[in-house]
Amino acid sequence: MLTEPEARGIAEEELARIYEEVRGYSDYGGGFVIVDAQEYPIGWAYHYQSAQHLRTGDISAMLAGNAPILIDRQDGTILLTGTAHPLEHYIHQ
């Protein structure tokens, strides 16, 4: 069973991976940063934003449509979420 700091570390690694994938399309200046974490029986959901938007308030650097990263507390699996439904919908799936 994972602790929250361990789950956060997995989420941060996933954010670094996502950032590397998209930075060729748009430079978000400094990567993505976790801005909120919510605990659920299944694990933790991490919400994130671009570091540049948080630093400058520049709306053009703001992420939109970014689904939270959900980490399973049992084994650290990254579980799929989306933005079409509330987060609880994906948790119950």
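Converting from the sequence shown to the working numbering requires adding 443 to each position, the first position being numbered 1.
From the three backbone atoms N, C-alpha and C, an ideal C-beta is built for every residue, glycine too.
With a Cβ-Cβ cutoff of 7 Å, do residue i and residue j count as a contact?
i	j	result
G473	Q495	yes
L523	D515	no
From which residue to which residue does the alpha helix (DSSP H) around residue i run?
i	result
G453	For the sequence presented, residue 453 should be read as Ile rather than Gly. Segment E447 to V465, the alpha helix (DSSP H) holding I453.
L530	L530 to H535
May I ask which residues mark the beginning and end of the beta strand (DSSP E) holding residue i?
i	result
H496	Careful: H496 lies outside any beta strand (DSSP E), inside the alpha helix (DSSP H) at A494 to T499.
I502	Neither: I502 is in no beta strand (DSSP E) and is coded neither H nor E.
Name, in chain order, the residues that DSSP records as bridge partners for residue i.
i	result
Q481	A488
D518	Looking at the DSSP assignment, D518 forms no beta bridge with any residue, so it has no partner.
I512	Y489
Assuming residue i and residue j make a contact with CB atoms under 8 Å, what is their CB distance in whole Å?
i	j	result
G508	A450	Rounded, the Cβ-Cβ distance is 23 Å, inconsistent with contact.
Under the criterion of a Cβ to heavy atom distance below 6 Å, does residue i qualify as lining the ligand ZN?
i	result
N509	You won't find the ligand ZN in this model; it holds no ligand whatsoever.
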